[in-house]
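Trainee: From first to last, the protein sequence lines stand for chains A and B.
Taking this note's numbering, the leading residue of the first sequence gets 233, the next gets one more, and so forth.
Taking this note's numbering, the leading residue of the second sequence gets 37, the next gets one more, and so forth.
Each residue gets a CB set at the ideal place from its N, CA and C atoms; glycine is no exception.
One structure, pasted below without further comment.
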Amino acid sequence: MTTYVLKTLWRHRTRTLLTVTGAAVAMFVFCFVGSVQEGLHRLTTGADADRSLIVFQESRFCPTSSRLPEDYARKIKAVPGVREVMPIQVWTNNCRASLDIIVFNGADPDQIRRTRPIKLTSGDWQTFSSRRDAAIVGRNVARRRGLKQGDQFSIGEISVKVTGIFESTVPAEENLIYTSLAFLQYTRGLDAAGLVTQHEVLLTEDADPDRVAAEIDAELRSGSVATRTRRKGAFQANTLSDLVDLIGLAHWLGYACVALVLSLVATTTVMSVQDRIKEYAVLQTIGVRPMRALRLVLAESTLLCVLGGSGGTLLALAVLGTGGFAIGAEGATISFQPSLGLAVTGVLVSLVVGVAAGIAPAVQAASVSIVTALRQA
Amino acid sequence: MTLVELRGVSKSFRKGDETITPLDHVDLSIARGEFVSLMGPSGTGKSTLLNLVSGIDRPDDGTIIVGGTEVTALSRSKLADWRAANLGYIFQTHNLIPVLTAYENVELPTLLLKLTSAQRRQRVELALEAVGLSDRADHYPRQLSGGQEQRVGIARAIVAHPQVVVADEPTGSLDAETSEQVQTLLQRLNKELEITLLMVTHDSDVAAIATRQLVLDHGKFLQRDAVVAAG
């Protein structure tokens, strides 16, 4: 009976191909939208989203407008619950939403190595620490910009030597370029000697993030610049708030894609069954049970949907895996990464939609009046 | 020994405001190994009777027993199982599945039975051999002539070794020469393989190959001899 299903699909190759392609395109979009949502979710709920704090200048948004004294780090370090403080100078080529945002984070190389969840895939830490204009580049940026170790990379007033490429368990990290803090502070146009954009605060295991954040702001209130300290996840969600709204809206696009696949496969299967209603009557005459006829139609619609859906999902994962896509604003980025969860979701959605799309025509094939159908020309 | 038995079988249809009753309390017995032909004017219920015996239609009244099984009491699923094991159906227009080869078409009914693949292959090969189409096993219906398609249809009807084979105008769409070949084949199946056959036909020459000829008229059976004598 499997032969029958496969040959039936092959008989109408054009129709099958169009349906499979349609399902593939829709599932491609579904997975792409899904990866953006996953990226946002990872960014705002990841492991370090709640266990690190970002100290930023009060009432400022774009990294270029936040200018905190570097020596605030000493005061912050004295607050109970603070394990480590990393002053960071941030430079970005675009404060608005962009699909090709470049974000430099300047910090102490030893601290970067010790505290960031990154691993060099090429280059070495020694060169990065010793050379003033050295930069290590996140894998996504390297893919997007075609960078490799040894390249000179220039953007705006900044020109760095790529001394390494790194990967990270936190996908958003892979959209960053790290340099030494001093290099960025003295970059022409920034005039940030002794100043940083933000301080990243790592907490002790038992510290209450919100309490520590409040104490930091209270401690620094008497300083030259007022601060606002938030959990890293909340800081990034707030930074990307405009995008968050758009991404929230985009998930409806994902549902629309699923509805599109459902409608497409259901239409094809209904047409196919109506064309062959006499065949189903013949099959039942020779002894095929109604439930088996039902399963044959469901197999047909499911196969169409799973073929197309899996194809679209795989294509989306391949494109996401090689494209290094990210969207960002104000120095924060959302990485579009392929994931096992996305692959499983894509295939499962295809499977469920395939079954759902086949139900109505399957019932039609199973409950056909044999005598009436046999009389059809 | 009676294989097929119809007791008081009635069937009516609504056609607009009119009610047509092609079968009105019909009784019929067919012995095992018998070859019965059924004739009658159009609309007298010949095909309806065939469909009722096959279990693809249900009577309004009466019972039908085939090989000891009261088919009128079976559910739709049980009827399908019963047909797979006990009934072969030869269609007027052969109704082969166009995407399957002759071999695969004949194999279809055996897929519904509990057979090993070797048993299945043996049955299909024997059935194709019986209809003289072993050399056309890999051909698709579109690659066969009308007569060959009908012979594949006959092979499909006998491959499961059914108790009874029903044939609805099996030569109705064939030319004279091919029709003769099919008639000879049906006779051979009846005589050599002792298959019980119930055949509906319009053609009195075709009806004549059967061992018993019945005529359905106004919902009742007449022996053809009686009709001829009365005429």
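1) What beta strand (DSSP E) runs, 3 residues minimum, are completely inside the segment 114–195 of chain B?
2) I want to see whether chain A comes within less than 8 Å of Val102/B, judged by CB atoms only; does it?
3) So Gln608/A contacts chain B; which residues on that side make the cut at Cβ distance below 7 Å?
4) Under 6 Å Cβ to Cβ from Leu485/A, same chain only, skipping five residues before and after it: list those, please.
5) Which residues in chain B sit within 8 Å of Thr277/A, going by Cβ to Cβ distance?
6) If Asp93/B and Val603/A are in contact, beta carbons under 8 Å, what's the gap, nearest whole angstrom?
7) For chain A, is any of its Cβ atoms less than 8 Å away from the one on Ala116/B?
8) Using a Cβ-Cβ cut-off of less than 9 Å, list which residues of the segment 159–178 of chain B approach chain A; keep chain order.
9) Compare the C-beta of Leu74/B with all C-beta atoms of chain A and state if any pair is closer than 8 Å.
10) Does any C-beta atom of chain A lie closer than 8 Å to the C-beta of Val89/B?
11) Determine the DSSP secondary structure at Ala404/A, reduced to helix, strand or coil.
12) Looking at the unbroken beta strand (DSSP E) that takes in Arg607/A, where does it start and where does it end?
13) Any Cβ of chain A within less than 8 Å of the Cβ of Ile133/B?
14) Quick one: residues in its chain with C-beta nearer than 7 Å to the C-beta of Ser209/B, no 5 flanking neighbours on either side, listed in chain order?
15) Quick one: which unbroken beta strand (DSSP E) runs of 3-plus residues sit fully inside the segment 55–118 of chain B? Chain order, please.
16) So with CB distances below 9 Å, who are the chain A contacts of Asp93/B?
17) So what's Glu270/B in DSSP terms, helix, strand or just coil?
18) Is Thr534/A buried or exposed, if buried means 16 or more other CB atoms sit within 10 Å of its CB?
19) Is there contact here, the segment 569–582 of chain A with the segment 347–358 of chain A, by at least three beta-carbon pairs under 8 Å?
20) What is the rounded straight-line gap between the Cα of Gly455/A and the Cα of Glu432/A?
21) Among Ala450/A, Asp474/A, Ala425/A and Gly465/A, which has the Cα closest to the Cα of Ser330/A?
22) Rounding to the nearest angstrom, what Cα-Cα distance links Val257/A and Gly544/A in this structure?
23) Applying the 10 Å Cβ sphere with the 16-neighbour rule, what's the burial state of Lys47/B?
24) Assign Glu406/A to one of two classes, buried (16 or more other C-beta atoms within 10 Å of its C-beta) or exposed (fewer than that).
25) Residues of the segment 201–212 of chain B in Cβ contact with chain A at a cutoff of 8 Å, in chain order, please.
26) Which residues of chain B have a Cβ atom closer than 7 Å to the Cβ of Gln516/A, listed in chain order?
27) For Lys309/A, which three-state DSSP category applies?
28) From which residue to which residue does the beta strand (DSSP E) around Ala564/A run?
29) Using beta carbons (cut-off 8 Å, strictly below), is Met503/A in contact with chain B?
30) At the level of alpha carbons, what is the spacing between Ala575/A and Ser400/A?
31) If I measure Cβ to Cβ from Ala564/A and keep anything under 6 Å in the same chain, skipping five residues before and after, which residues do I get?
32) What does DSSP give as the partner residue(s) for Ile286/A in the beta ladder?
33) Using a Cβ-Cβ distance under 8 Å, would Phe257/B count as near chain A?
34) Does chain A have any CB closer than 8 Å to the CB of Leu147/B?
35) From the DSSP output, in three-state form, read off Gln516/A for me.
36) If we count the other Cβ atoms within 10 Å of its Cβ and call it buried at 16 or more, is Ser542/A buried or exposed?
Mentor: Let me spell this out:
1) 123–126
2) Here residue 102/B corresponds to residue number 66 of the second sequence, with the count starting at 1. No, Val102/B does not count as interfacial toward chain A.
3) Against the first sequence, residue 608/A aligns to sequence position 376. Chain B residues near Gln608/A: none, gap ~11 Å exceeds 7 Å.
4) Taking the first sequence and counting its residues from 1, the one referred to as residue 485/A is at position 253. Cβ within range, chain order: Val265.
5) Counting from one through the first sequence, the residue named residue 277/A turns up at place 45. Those do not exist, as Thr277/A stays about 51 Å from chain B at its closest Cβ, beyond 8 Å.
6) Counting from 1 along the second sequence, the entry for residue 93/B is found at position 57. Counting from 1 along the first sequence, the entry for residue 603/A is found at position 371. Yes, they are in contact, since the Cβ atoms of Asp93/B and Val603/A sit about 5 Å apart, within 8 Å.
7) Sequence index remark: in the second sequence, residue 116/B carries index 80 (1-based). By this cut-off, Ala116/B is an interface position.
8) none
9) For the purposes of this step, residue 74/B is taken as the residue at position 38 of the second sequence. So, not an interface residue.
10) Along the second sequence, one-based indexing puts residue 89/B at 53. By this cut-off, Val89/B is not an interface position.
11) Sequence index remark: in the first sequence, residue 404/A carries index 172 (1-based). Residue state, collapsed to three classes: helix.
12) Start at 1 with the first residue of the first sequence, and residue 607/A comes out as number 375. Unbroken run through Arg607/A: none, as it is neither H nor E.
13) If you number the second sequence from 1, residue 133/B lands on position 97. It does: the Cβ of Ile133/B has a partner Cβ on chain A nearer than 8 Å.
14) Numbered from its first residue, the second sequence carries residue 209/B at position 173. Same-chain partners within the cutoff: Gln128, Thr129 and Gly182.
15) Taking only runs of at least 3 residues, the beta strand (DSSP E) segments lying wholly in the segment 55–118 of chain B are 71–75 and 97–102.
16) Walking along the second sequence from the start, residue 93/B turns up at place 57. Ser601, Ile602 and Val603, listed in chain order.
17) Residue 270/B cannot be examined here, being either before or after the span of chain B that is shown, 37 to 267.
18) Translated into positions along the first sequence, residue 534/A becomes position 302. Flag for Thr534/A reads buried.
19) No contact exists between the segment 569–582 of chain A and the segment 347–358 of chain A.
20) By 1-based counting over the first sequence, the position of residue 455/A is 223. By 1-based counting over the first sequence, the position of residue 432/A is 200. Distance between the alpha carbons of Gly455/A and Glu432/A is about 18 Å.
21) By 1-based counting over the first sequence, the position of residue 330/A is 98. Nearest C-alpha to Ser330/A: Asp474/A.
22) Taking the first sequence and counting its residues from 1, one reaches residue 257/A at position 25. Taking the first sequence and counting its residues from 1, one reaches residue 544/A at position 312. The C-alpha of Val257/A lies about 6 Å from the C-alpha of Gly544/A.
23) Within the second sequence, numbered from 1, the residue matching residue 47/B stands at position 11. Burial call: buried.
24) On the first sequence, position 174 is the one that residue 406/A refers to. With 16 or more other Cβ atoms inside 10 Å of its own Cβ, Glu406/A counts as buried.
25) none
26) Taking the first residue of the first sequence as position 1, residue 516/A is located at position 284. Here the neighbours are Ala116.
27) Position 77 of the first sequence, counting from 1, holds the residue named residue 309/A. Three-state DSSP puts Lys309/A in a helix.
28) For this step, residue 564/A is matched to residue 332 along the first sequence. From DSSP, the beta strand (DSSP E) with Ala564/A extends over Ala564 to Ser567.
29) In the first sequence, counting from the first residue as 1, residue 503/A sits at position 271. Chain B contact via Cβ: absent.
30) Within the first sequence, numbered from 1, the residue matching residue 575/A stands at position 343. Within the first sequence, numbered from 1, the residue matching residue 400/A stands at position 168. One C-alpha to the other measures close to 20 Å.
31) Residue 564/A sits at position 332 when you count from the first residue of the first sequence. Same-chain partners within the cutoff: Gln468, Thr471 and Leu472.
32) Within the first sequence, residue 286/A is the residue found at index 54, counting from 1. Bridge partners of Ile286/A: Glu432/A and Arg462/A.
33) What you label residue 257/B is simply residue 221 of the second sequence in a count that begins at 1. No, its Cβ sits nowhere closer than 8 Å to a Cβ of chain A.
34) By 1-based counting over the second sequence, the position of residue 147/B is 111. Judged by the 8 Å Cβ criterion, Leu147/B is in contact with chain A.
35) Here residue 516/A refers to the residue found at position 284 of the first sequence. Helix, per DSSP.
36) For the purposes of this step, residue 542/A is identified with residue 310 of the first sequence, where counting begins at 1. Looking at its Cβ environment, which holds 16 or more other Cβ atoms inside 10 Å, Ser542/A is buried.
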